[in-house]
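Asks:
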Amino acid sequence: MFHTKLINDIYNKNVFSLFYKKLHQKNFIEAKAILNNLGKNIDNIDSKEELILNDIYLFKIVLTFHNSLVSLWEDIFNQKYSSSWIFLQDSLDALRTVNKLSLNNKKNKALKFFEKQLLTLERLYPYKIFASVAWEVSFYECSICKKDIDSFDCPHEIGELYNGKIAIAHAKEITQLNHVAMVENPSDKRCVVQYDDNSKQFKILQYLNKMLILNKLTPLTYYKIDETPRKLLNKDYIQLERNKKCFCGSNRKFKKCCINKKFIEEKHIELIINPEFKLW
Amino acid sequence: MNKPTIKNIKPSIEFEKFYFKSSGLRIVPTIYNRESEEVFLYKESGTFAKWIKKNYPKISIDYNSNVKKISLNNNEFWLPLVYLSSDTSIQIYLGLVINFLYDKLKGALSGEKEKAKVNLNIEYKEGDKYKRFEYSGNIEGLEKFTKFNTNNFFEN
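From first to last, the protein sequence lines stand for chains A and B. If you read the first sequence in my numbering, its first letter stands for residue 908, the second for the next number, and so on. If you read the second sequence in my numbering, its first letter stands for residue -17, the second for the next number, and so on.
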């Protein structure tokens, strides 16, 4: 995953195994303490070599991912579903950065597992439409050289690493808010209509919380969703002679109206929980 | 993938001038709000221009970043309007766009790459006529158009 032996060795020292164990036990405080110590160790590395500095940045993103992961499950455990969404998006964004910056765009088995798990989890939230804001901006300043990042004068590319620093475009002189649109596929999914944590929109998350408390699920559980619609018996259905007026009040003949509505289809989501994935 | 459509159009004078007298490509600011005449560059214009300059240094790019940008929060790479001169084929340009998109999708999570959709409009000179080609579909579908011969691009 990393480009240098030095950082690869630090990563492979199995310290993450202990972290995963603590996460599995839902010991969120100790899990965060492990990440904190790892962060301190990585900060102590003194190097001027570009590859090592870039790997340190990537390592910190891996730590950011794990920190967001802990906060996500901590919030679900504490029934804070609304704020857990932000940590879920933080985790997914960190994974995108790992994909982009790691050697050959490949990540390890554990991160692959979490990617799959979190993308499934994302579908359990009620957010399907997001606010998207269009801005008019004079120019974007490069976080590294402070020049106009869109000009040929700036040698940096947005999202690329340079001596351990990532090139970010800072919007300068936002002259106007052009419009706000509701979209299905935003670049930032954090812009959502907030629901109360007790609301029915979080029904599936409330179920996850119950499973967590009952120890039937842990942050390391692999689960998938079956979204096959269910057929339910239509309680209003009355079997009539074909040429009689339909029971629904449409004034049409039964045979031309509700004859085939004995069963109604209902949206149904089933969470299939598999034994947990061992990461230690 | 929707079936591409082709229409006869009238070119702008500015384009005709560039097409016959310049080389490479020009990134052109466009009107975003129909009520106003103000022109903008789409946010990814600079990223795209710099990416071409870095990866294809032989291609000449006429680009001025000193124009107001319009930025959306929608998850799209909104590439600019580009004029291609007579020495630059559509196939070469489509190849650039495809490689750029794949490069920018390197960080995509599982399934996101497959969902990426492309909307493309090309206005093209064929003999004495100018035509517009419209495509909407995935990146793989767009790749098919890079394999056509320039002379019979539209027949294909």
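Yeah, the Cβ is synthetic: ideal placement off N, Cα and C, and Gly gets one too. Bear in mind that the values here come from a model prediction, so they are computed numbers and not experimental data.
What did DSSP end up calling B:Thr132 once you bin it into helix, strand or coil?
Replies: Taking the first residue of the second sequence as position 1, residue 132 of chain B is located at position 150. The predicted position of B:Thr132 is uncertain, since its pLDDT is 48 and thus under 50; a value taken from the coordinates is nonetheless stated next. In the structure shown, B:Thr132 sits in a helix (DSSP, three-state: H, G or I).
Asks: Say whether the region 11 to 28 of chain B touches the region 1044 to 1058 of chain A, bearing in mind that this needs 3 or more beta-carbon pairs closer than 8 Å, one atom from each stretch.
Replies: The region 11 to 28 of chain B vs the region 1044 to 1058 of chain A: in contact.
Asks: Does A:Val977 have its Cβ less than 8 Å from a Cβ in chain B?
Replies: By one-based count along the first sequence, residue 977 of chain A stands at place 70. No, no contact with chain B.
Asks: DSSP has A:Arg1003 in a bridge; who is on the other side?
Replies: The residue labelled residue 1003 of chain A in the question sits at position 96 within the first sequence. Answer by DSSP bridge pairing: none, since A:Arg1003 is not bridged.
Asks: What's the call for A:Ser978, buried or exposed, on a 16-neighbour Cβ count within 10 Å?
Replies: Within the first sequence, numbered from 1, the residue matching residue 978 of chain A stands at position 71. By the 10 Å Cβ count, A:Ser978 comes out buried.
Asks: Are there 16 or more other CB atoms within 10 angstroms of the CB of A:Thr1004, so buried, or fewer, so exposed?
Replies: Stepping through the first sequence from its first residue, residue 1004 of chain A is reached at position 97. Answer is buried; the Cβ neighbour count reaches 16.
Asks: Please compile the residues from chain B whose C-beta is within a distance smaller than 7 Å of the C-beta of A:Trp1042.
Replies: The sequence position of residue 1042 of chain A within the first sequence is 135, counting from 1. Chain B residues near A:Trp1042: Ser53.
Asks: Per DSSP, what kind of secondary structure is A:His973 in: helix, strand or coil?
Replies: Against the first sequence, residue 973 of chain A aligns to sequence position 66. If DSSP states are grouped into helix, strand and coil, A:His973 belongs with the helices.
Asks: Who are B:Thr12's beta bridge partners in DSSP?
Replies: Looking up residue 12 of chain B in the second sequence gives position 30. BP columns for B:Thr12 point to B:Phe22.
Asks: Report all residues from its chain with a CB closer than 7 Å to the CB of B:Glu125; omit the five preceding and five following residues, and keep chain order.
Replies: To locate residue 125 of chain B, count along the second sequence from 1; it is residue 143. For B:Glu125, where only same-chain residues beyond five positions count, the Cβ hits under 7 Å are Ile80.
Asks: Just the C-alpha distance for B:Pro62 and A:Asn961, rounded to the nearest angstrom, thanks.
Replies: Translated into positions along the second sequence, residue 62 of chain B becomes position 80. Translated into positions along the first sequence, residue 961 of chain A becomes position 54. One C-alpha to the other measures close to 31 Å.
Asks: Anyone know if the C-beta pair for A:Ser1039 and A:Val1090 falls short of 8 Å?
Replies: Against the first sequence, residue 1039 of chain A aligns to sequence position 132. Against the first sequence, residue 1090 of chain A aligns to sequence position 183. For A:Ser1039 and A:Val1090, yes; Cβs fall inside 8 Å.
Asks: Is the Cβ of B:Gly139 closer than 8 Å to any Cβ of chain A?
Replies: With chain B running from -17 to 138 in the structure shown, residue 139 of chain B is simply not present.
Asks: Going along chain A, which residues have a C-beta under 8 Å from B:Asn56?
Replies: Translated into the one-based positions of the second sequence, residue 56 of chain B becomes position 74. Going along chain A in sequence order, the residues near B:Asn56 (Cβ under 8 Å) are Ser1039, Ala1088, Val1090, Asn1092, Pro1093, Ser1094.
Asks: DSSP three-state call for A:Ala1088: helix, strand or coil?
Replies: Here residue 1088 of chain A corresponds to residue number 181 of the first sequence, with the count starting at 1. In this structure, A:Ala1088 counts as strand in the three-state DSSP scheme.
Asks: Tell me the DSSP secondary structure of B:Gly123 in three-state form.
Replies: Start at 1 with the first residue of the second sequence, and residue 123 of chain B comes out as number 141. Three-state result, B:Gly123: helix.
Asks: So which residues of chain A does B:Lys35 contact, with C-beta pairs closer than 8 Å?
Replies: The residue you call residue 35 of chain B lines up with position 53 of the second sequence. Per Cβ cutoff of 8 Å: Phe1059.
Asks: Kindly indicate the opening and closing residues of the beta strand (DSSP E) around A:Ala1041.
Replies: For the purposes of this step, residue 1041 of chain A is identified with residue 134 of the first sequence, where counting begins at 1. Here the beta strand (DSSP E) through A:Ala1041 covers 1037 to 1049.
Asks: I want to verify the contact list: residues of chain A whose CB lies under 7 Å from the CB of B:Ser92, in sequence order.
Replies: Against the second sequence, residue 92 of chain B aligns to sequence position 110. Result: Glu1022, Lys1023, Leu1026.
Asks: Among A:Tyr1130, A:Arg1097, A:Leu942, A:Ile1073, whose alpha-carbon lies nearest the alpha-carbon of A:Phe1037?
Replies: Within the first sequence, residue 1037 of chain A is the residue found at index 130, counting from 1. Closest option to A:Phe1037, Cα to Cα, is A:Arg1097.
Asks: With a cut-off of 8 Å, does the C-beta of B:Ser47 fall near any C-beta of chain D?
Replies: No chain D is part of this structure, whose protein chains are labelled A and B.
Asks: Taking Cβ-Cβ distances shorter than 9 Å, what residues in chain B pair up with A:Thr1135?
Replies: Taking the first residue of the first sequence as position 1, residue 1135 of chain A is located at position 228. Going along chain B, no residue has its Cβ under 9 Å from A:Thr1135, so there is no contact; the nearest lies around 19 Å.
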